[in-house]
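*Asks:* Let me begin by handing over the structure; questions about it come next.
There are 2 protein chains.
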Amino acid sequence: MIDISRPFSLFCRCEVIYDGRAYSILEEGNYLIISKGDGSIQIHGGTNIQPRNYQGAKSKLELRGHLLISRNKKEIITIVVSKIINIAYLRYWSEAEINIKRTEQELVNKLFDNWGNYIDGEFETIQREYPTEYGPVDLVGIETNKTYHVIEAKRRRGTVANCTQLKRYLEAITTSTNLVKGYLASPQISDNAVKYLEKHGCKWLQIDFDI
Amino acid sequence: MIDISRPFSLFCRCEVIYDGRAYSILEEGNYLIISKGDGSIQIHGGTNIQPRNYQGAKSKLELRGHLLISRNKKEIITIVVSKIINIAYLRYWSEAEINIKRTEQELVNKLFDNWGNYIDGEFETIQREYPTEYGPVDLVGIETNKTYHVIEAKRRRGTVANCTQLKRYLEAITTSTNLVKGYLASPQISDNAVKYLEKHGCKWLQIDFDI
DNA sequence: ATTTGCATGTCGACT
DNA sequence: AGTCGACGTGCAAAT
Chain A
272 MIDISRPFSL FCRCEVIYDG RAYSILEEGN YLIISKGDGS IQIHGGTNIQ
322 PRNYQGAKSK LELRGHLLIS RNKKEIITIV VSKIINIAYL RYWSEAEINI
372 KRTEQELVNK LFDNWGNYID GEFETIQREY PTEYGPVDLV GIETNKTYHV
422 IEAKRRRGTV ANCTQLKRYL EAITTSTNLV KGYLASPQIS DNAVKYLEKH
472 GCKWLQIDFD I
Chain B
272 MIDISRPFSL FCRCEVIYDG RAYSILEEGN YLIISKGDGS IQIHGGTNIQ
322 PRNYQGAKSK LELRGHLLIS RNKKEIITIV VSKIINIAYL RYWSEAEINI
372 KRTEQELVNK LFDNWGNYID GEFETIQREY PTEYGPVDLV GIETNKTYHV
422 IEAKRRRGTV ANCTQLKRYL EAITTSTNLV KGYLASPQIS DNAVKYLEKH
472 GCKWLQIDFD I
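Following this line, the structure appears as structure tokens:
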């Protein structure tokens, strides 16, 4: 039998039905089911990182005969277990989170500290997290002649979506009395993003992480 | 010992170091490691659906003493295993995929089939997947007076990001000789999205899935 | 091989 | 509880 009160990893033959934001069926087969202490559950197939089905934290798991049922506010997963192949209960499962280095902040700091290496002009101020109607921009430098240089930094390849985000900031900052120049700063950039920038009079700043 | 040639689920005490798109450390603790037949590997902590660390398909796994090393083009995960608590080899792991109903396509079809219920006017044509510079739009209806009605459909709550996407399409379709009207069609919508639509002269079409 | 846009995205932060 | 933006987003389809 299965003890659903403890986190477990269960390899079994089963079929899965999901109903909620969408509706889906996973045909009968051998799958790995993981139930965690936060109430989340996921059903993994033999390929891909992503689970075939899942339910987030605070879901309620229930066992009814050979049915495993996980309920959420408006979602329900029903697992029809036909054969338990292997089950392990995972005791003292760590809940530590990963510690990430090389953040966007790091790039912003580099731009801030070496502003002159990237942008020419005589600047009054350089501000981080410059507030706009659509949220703060990473960096804004204001020239003595009131030209605003707006930088959006991305920690990896810049995309068109990043450019439209930049564009929105520019629209928010543009007024009748000041000029604006937009920059996307990132280690790499997609071709379409380059086109988009050119078309809208913006520039790409190539910037790398220090090793 | 661990047989890395077969898919497995391993619960062990370990520490994980990742280097690639970012750099991260996961402190020593008990984690569940899943290695799949496609070469992917993931390290799960005791909370959340998402793995703490992972490596996609076609990664190469290597065992060196108590080190599990997964390499990719430009990424590497090193798992320092200090104690194996439980290991299961997952045979005949199904690779079936889920069968999803209630898709965006379904909404587009509904709009297409009941166009008159949503938009007034005399129309020449209604096209699905109307091609633009920025990719195909879900639906475009062209009035006899050359007004283009451009619809972007979303299967759930519409966001500002969806609106900017719509805006891009509108820009691509607008010329000196035609008028355009933009619509975001979705079951729900965020307040900010509503504001954005109003500000840019677009509309929201409320549309539900049929039961 | 690269790019694009979707996703039952997930998740954290903030209102 | 709802909204918003970031993510090592993952992923498949199109180019």
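For the record, the sequence lines run as chains A and B.
Under this note's numbering, read the first sequence as residues 272 to 482, first letter to last.
Under this note's numbering, read the second sequence as residues 272 to 482, first letter to last.
We treat Cβ as the ideally placed atom computed from N, Cα and C, and that holds for glycine.
All values derive from a computational prediction rather than experimental measurement.
Of the residues Ser280(A), Asp290(A), Lys474(A) and Thr374(A), which one's Cα is nearest the Cα of Gln313(A)?
*Replies:* Comparing Cα positions, the closest option is Ser280(A).
*Asks:* Does any CB atom of chain A fall closer than 8 Å to the CB of Ala328(B)?
*Replies:* Yes, Ala328(B) counts as interfacial toward chain A.
*Asks:* Looking at C-alpha atoms only, which residue of Ile275(B), Ile413(B) and Ser461(B) is the closest neighbour of Ser359(B)?
*Replies:* First, the amino acid is wrong: residue 359(B) is Ala here, not Ser. With distances taken between Cα atoms, Ala359(B) lies closest to Ile275(B).
*Asks:* Pick helix, strand or coil for Gly429(A), following the three-state DSSP scheme.
*Replies:* Gly429(A) falls in the strand class under three-state DSSP.
*Asks:* For Pro322(A), count neighbouring Cβ atoms within 10 angstroms of its own Cβ and tell me buried if that reaches 16, exposed if not.
*Replies:* So Pro322(A) ends up on the buried side.
*Asks:* Thr318(B) touches chain A at which residues, Cβ-Cβ below 8 Å?
*Replies:* Ordered by position in chain A, the residues that pass the 8 Å Cβ test against Thr318(B) are Lys307, Gly308, Asp309, Ser311, Ala328 and Glu366.
*Asks:* Please list, in chain order, the residues of the segment 365 to 386 of chain A that have any C-beta partner in chain B closer than 8 Å.
*Replies:* So the close ones are Ser365, Glu366, Ala367, Glu368, Ile369, Asn370, Ile371, Lys372, Arg373 and Thr374.
*Asks:* Return no unless some Cβ of chain A is closer than 8 Å to the Cβ of Phe279(B).
*Replies:* No, because no Cβ of chain A sits closer than 8 Å to the Cβ of Phe279(B).
*Asks:* Residues of chain A with a CB under 7 Å from the CB of Phe298(B): which are they?
*Replies:* In the sequence under discussion, the amino acid at residue 298(B) is Glu, which differs from the Phe named in the question. Per Cβ cutoff of 7 Å: Ala367.
*Asks:* So which residues on chain A does Thr435(B) lean against when the C-beta distance must stay under 9 Å?
*Replies:* The contacting residues are Ala432, Thr435, Gln436, Lys438 and Arg439.
*Asks:* Does the structure place the segment 381 to 399 of chain B close enough to the segment 334 to 347 of chain A that three or more beta carbon pairs sit under 8 Å?
*Replies:* Short answer: they don't touch.
*Asks:* Quick check: the segment 293 to 310 of chain B against the segment 437 to 454 of chain A, are there 3 or more CB pairs under 8 Å?
*Replies:* Output reads no: the segment 437 to 454 of chain A does not touch the segment 293 to 310 of chain B.
*Asks:* Please check if any C-beta of chain B sits within less than 8 Å of the C-beta of His315(A).
*Replies:* Taking Cβ atoms only, chain B reaches closer than 8 Å to His315(A), which makes this a yes.
*Asks:* Applying the 10 Å Cβ sphere with the 16-neighbour rule, what's the burial state of Ser353(A)?
*Replies:* Result: exposed.
*Asks:* Lys474(B): which of Asp481(B), Gly429(B) and Glu442(B) sits nearest, CA to CA?
*Replies:* Comparing Cα-Cα distances from Lys474(B) to each of Asp481(B), Gly429(B) and Glu442(B), the minimum goes to Gly429(B).
*Asks:* On a CA-only basis, which of Glu286(B), Ile305(B) and Ala293(B) is nearest Pro278(B)? Give me that one, please.
*Replies:* Nearest option by C-alpha distance: Ile305(B).
*Asks:* Within the chosen definition, does the segment 281 to 293 of chain A reach the segment 283 to 293 of chain B through at least 3 CB pairs nearer than 8 Å?
*Replies:* Too few Cβ pairs lie closer than 8 Å, so no.
*Asks:* Verify the CB distance criterion: does Ala359(B) have a CB-CB separation below 8 Å to chain A?
*Replies:* True, the Cβ-Cβ gap to chain A drops below 8 Å.
*Asks:* Glu346(A) by DSSP, collapsed to three states: which one?
*Replies:* In the structure shown, Glu346(A) sits in coil (DSSP, three-state: anything other than H, G, I, E or B).
*Asks:* If contacts are defined as beta-carbon pairs under 8 Å, then Pro458(B) and Asp479(B) qualify, I think. What distance do you get, rounded to the angstrom?
*Replies:* Yes, they are in contact, since the Cβ atoms of Pro458(B) and Asp479(B) sit about 5 Å apart, within 8 Å.
*Asks:* By the criterion of Cβ-Cβ separation under 9 Å, what are the contact partners of Asn301(B) in chain A?
*Replies:* By Cβ distance, chain A contributes Leu361, Arg362, Tyr363, Trp364 and Ser365.
*Asks:* Quick check on this structure: which residue in Tyr419(A), Tyr467(A) and Ser311(A) has the alpha carbon closest to the alpha carbon of Ile397(A)?
*Replies:* Answer by Cα proximity: Tyr419(A).
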